[in-house]
Structure formats: structure tokens, C-alpha cells
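Numbering (this note's numbering), first residue to last: 2 to 155. Written below as C-alpha cells is the structure these notes are about.
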Amino acid sequence: MKITVMSNSLEQTKQLAENLAPLLSRGDVITFSGDLGAGKTAFVQGLAKALDVKDRVNSPTFNILKPYFYGRIPLYHIDAYRLEDGNKDIGLEEFIDGDGVTVVEWPQYIEEYLPKSQLNIEIVNVGTSSRTLTFTSTGERYQKLLEEYERLIK
């Protein structure tokens with residue numbers, strides 16, 4: 002299943018994430034595609050807020066992984082951009098297969114560690130503050146999740 006929505010601000014992007022968060026469960030994996038500055042981290046900030054994460058959420062580009070343990074459920078934020086040239090054996094699968102929600106920016110660099118069933122969100126800038134978000138489900142779990150999400154945001 003695929004749905005596309007328009008966001009006209011970073012705040013609206015965060016709100017779309019906040020609407021998604023209540024539908025998420027332990028073990029869920031969300032992958033993001035989009036250019037630098039498209040709004041991927043803003044979306045994760047919205048998820049974190051709705052999952053009751055109190056820590057400041059920013060992109061883990063230099064850390065690769067930022068775990069947030071003190072919310073409704075753990076949130077694992079992975080930015081795989083720096084893994085483009087290898088050195089992938091750093092234990093990411095423990096988090097991806099873990100007890101929280103895992104969000105992955107630049108998933109193409111760690112595809113071998115990702116489950117086949119996942120939710121992908123592609124974010125594309127279409128102006129100075131507008132962007133389209135295309136949600137694509139792979140697997141039955143995420144098909145049902147997207148059906149429910151579509152009902153929530155319409």
C-alpha cells in the first residue's frame with residue numbers, strides 16, 4: 002500500500018509523525034529516503050515527542066545510532082549515511098531486531114540488516130517549506146498500519 006501526503010511546514014511534518022506514533026509497536030522498523038534537509042529528522046522528532054521521549058532528538062550522523070530508552074517504548078534512531086563505505090559490523094542488528102521502534106535514515110547502506118517487512122517514508126522537498134511524504138508498506142503488518150494511518154489523517 003502507498004499513500005502520499007503534503008506537508009507545508011516542519012511543524013506539519015512533525016504532526017504527521019505524531020499521528021503515526023500511537024500505531025507503532027515494539028519491533029517496528031521505519032526506513033526513510035530523501036535528500037539532506039528533506040525533513041527526516043523532523044519526522045523522527047515528532048515520533049519521539051508522541052512516544053514521550055524527553056531527550057533532545059537530533060540526527061545521529063556522527064554517532065550512527067542514538068537510542069532513546071526513556072519513552073513509552075524505546076526509540077532507536079540510526080543514520081547509516083557514514084556506513085556507505087563499509088564497516089557495518091557494529092551491532093546494529095541488536096537494535097533493529099530489538100524491543101523498540103527503529104527508524105533508519107539512509108537504509109540503502111545497511112539493507113542486509115533490515116527486515117523485509119517495514120514501512121518506508123520518502124520525503125521530497127517541493128518548495129522552500131513544502132514537502133511530500135510517501136508512505137509505502139512492505140508486509141501485512143505495515144499494510145494494516147497504513148490503512149489505519151490513512152483513516153487517522155484524512
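Ideal placement from N, C-alpha and C gives every residue a C-beta, glycine not left out.
query                                                                                                                                           : result
Pick helix, strand or coil for N20, following the three-state DSSP scheme.                                                                      : helix
Would you identify the three-state DSSP class for P108, choosing helix, strand or coil?                                                         : helix
Taking contact to mean at least 3 C-beta pairs separated by less than 8 Å, is the segment 64-82 in contact with the segment 6-16?               : no
By alpha-carbon positions, which one of N20, L21, S26 and I31 ends up nearest to E123?                                                          : I31
F44 lies in the alpha helix (DSSP H); which residues open and close that run?                                                                   : K41 to A51
For T103, write down the residues that DSSP places opposite it in a beta bridge.                                                                : V30 and Y77
Suppose you measure from the CA of N20 to the CA of I154; what does that come to, to the nearest Å?                                             : 7 Å
Hey, would you say S34 sits closer than 8 Å to N126, going by beta carbons?                                                                     : no
Would you kindly work out how many angstroms separate the C-alpha atoms of L93 and A49, rounded to a whole number?                              : 19 Å
With 16 as the cutoff for other CB atoms within 10 Å, does G38 come out buried or exposed?                                                      : exposed
Which residues in the same chain have their Cβ closer than 7 Å to the Cβ of T42, if we skip the five residues on either side of it in sequence? : N59 and S60
So E159 is in the alpha helix (DSSP H); what residue range does that whole segment cover?                                                       : No answer is possible for residue 159: the residues shown for the chain start at 2 and end at 155.
Given this structure, state the Cα-to-Cα distance separating T103 from K117, to the nearest angstrom.                                           : 14 Å
Can you tell me whether Y69 is buried or exposed? The criterion is at least 16 other CB atoms within 10 Å of its CB, across all chains shown.   : buried
Just verifying my parser: in three-state terms, what is the DSSP assignment at K117?                                                            : coil
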